[in-house]
Amino acid sequence: MQPFNKYYPPDWTPDKGSVNKHVGKHPLGDRARKLDQGILVVRFELPFNIWCTGCENHIGRGVRYNAEKKKIDNYYSTPILQFRMKCHLCSNWIEIHTDPKNTDYKVVSGARKKVEEWEPEDSEVIKLKDEETKERLESDAMFRLEHGVMDQQVEKESVPVLTQLQQLQNSSWSDPYSRSQQLRRKFREQKKKDKALEEEADRIRDKHSLHIPLLPETVDDVVRAKMIQYSDPSLVEKRKLEKTASTLFPTKRKSKSDPNKSVAQELGLRAMTHTRLKLDPFLQQSKSTLPQHKEKEDIAIVKPSKKRRLPSQHQQRGGYRDNNNDSSSSSIRSGGDGDGGGDIPCAQQPNDKVQQPLVSYGSSDSDEPDE
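Quick look at the structure:
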């Protein structure tokens, strides 16, 4: 077979040996120019990321250089090699040695290695045993047995997390029917609780005429609600009834400096309120909620009518006095019930039918007796 790309000089004959020997060149060509020093130029690829200390530039893993390869030492029978190359970004020389003991490379000078090392468990690779462990495994049978048990334990612990989850899921759902019952029971209970909370929220929204969604009750809401102080409910009901029984067109009150007149007006207003609650049929339903007052200031004295009949002869002889002893005066209930409010006394009429007097409230300058 005819060789290609190989030059044979015209004066070369096979009896002169090889062509390189005849020409006086090494078979590796220019790569072996320093072979007398034990240096061979090879194509070297960076095994990791480094930073050049000359230019402080980052050089990525896999960048190739024409490096000078040289044997400098031995680790047992394995040679320790030196690779020396020049940075392509500056004139700095980088030197890297092999490390057969740790099966790694180490940067000696000219660069700084980027630390990217992990534990074998993190990178999910097999951790190699050291030389002492290997020799003991080969010579000691008991240690080999114990080491096998430890390897099985490590294998169980090194199972991927997804595999563990799958095994747990398979064990939990070994009986799908019972598991489904448990889940449905839990869902039903939660559904009832949610429905009760929703009904309570609807009730509160209807009560207060709200059109916004209500959030669930929290501990902070309970604490703030207990901190609220409300006024006396009886006072609230009293004011409500007074507003209900008041006239439709109230008169404006003028401030007066006389305190007796203001007290008399207040008593007259109370008497008018109680009288209206007693006589008005539309307010009979709410009269039972009127707060009870037994103070003296709640009793308003009503003046009798100006025009009265003369008493009869029987009353002049003493019957009128006896009747006054038995029942001195008739009263107009100021409250809705017999025990609440004050009675408004008035004079007894001479005839058999008791007529209610004209009631005047408060004090007035025009209400003076006839002369």
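First residue of the sequence shown: 727, per our numbering; consecutive thereafter. Glycine residues also receive a C-beta, built at the ideal position from the N, C-alpha and C atoms.
Member of the options whose CA lies at the smallest distance from the CA of residue i
i: Arg810; options: Ser803, Lys797, Tyr801, Tyr802; result: Lys797
i: Tyr1098; options: Leu941, Thr824, Arg950, Glu992; result: Nothing about residue 1098 can be reported from this structure: the residues present for the chain run from 727 to 1097 only.
i: Arg965; options: Gln892, Leu754, Gln890, His1000; result: His1000
i: Lys921; options: Pro942, Tyr903, Asp932; result: Pro942
i: Glu968; options: Asp856, Leu1003, Val880, Asp946; result: Leu1003
i: Leu807; options: Lys827, Arg910, Lys742; result: Lys827
i: Lys812; options: Arg910, Asp947, Glu771, Leu888; result: Glu771
i: His937; options: Ala927, Arg905, Leu961; result: Ala927
i: Val749; options: Lys760, Met998, Pro735, Arg759; result: Pro735
i: Asp856; options: Lys882, Thr829, Val880; result: Thr829
i: Tyr733; options: Asp866, Val745, Glu858; result: Val745
i: Ile954; options: Ser960, Leu961, Asp946; result: Asp946
For residue j and residue i, believed in contact at Cβ under 8 angstroms, the rounded distance
i: Glu842; j: Phe774; result: 7 angstroms
i: Ile930; j: Leu923; result: Not really, about 11 angstroms apart at Cβ, beyond 8 angstroms.
i: Lys832; j: Ile776; result: Actually they are not in contact, since the Cβ atoms of Lys832 and Ile776 sit about 11 angstroms apart, beyond 8 angstroms.
i: Leu815; j: Asn792; result: Actually they do not touch by this definition, with Cβ atoms about 15 angstroms apart.
i: Thr779; j: Gly836; result: 6 angstroms
i: Leu863; j: His873; result: 6 angstroms
i: Arg905; j: Ser897; result: Not really, about 11 angstroms apart at Cβ, beyond 8 angstroms.
The ligand PLP heavy atom lying under 6 angstroms from the CB of residue i
i: Ser988; result: This structure lacks the ligand PLP, and indeed carries no ligand of any kind.
Residues that residue i bridges to, as DSSP identifies them
i: Ala793; result: Val768
i: Ile820; result: Met811
i: Tyr831; result: Thr824
i: Ala837; result: Cys778
i: Asp799; result: Ile806
i: Ile785; result: Ile776
Proximity test, Cβ basis, 7 angstroms: residue i and chain D
i: Gln893; result: Absent from the structure: chain D. Only one protein chain is present.
Problem set entry | Contact the region 794 to 808 vs the region 760 to 770: 3+ CB pairs below 8 angstroms | At 8 angstroms Cβ cutoff, the stretches touch.
For this session: Mind listing, in chain order, the continuous alpha helix (DSSP H) runs of no fewer than 4 residues lying wholly within the region 874 to 908?
Result: Correct list: 887 to 898.
Exercise. On the three-pair Cβ rule with 8 angstroms, is the region 813 to 820 touching the region 750 to 765?
Worked result: Three or more beta-carbon pairs separated by less than 8 angstroms are not found between the region 813 to 820 and the region 750 to 765, which leaves the two stretches without contact.
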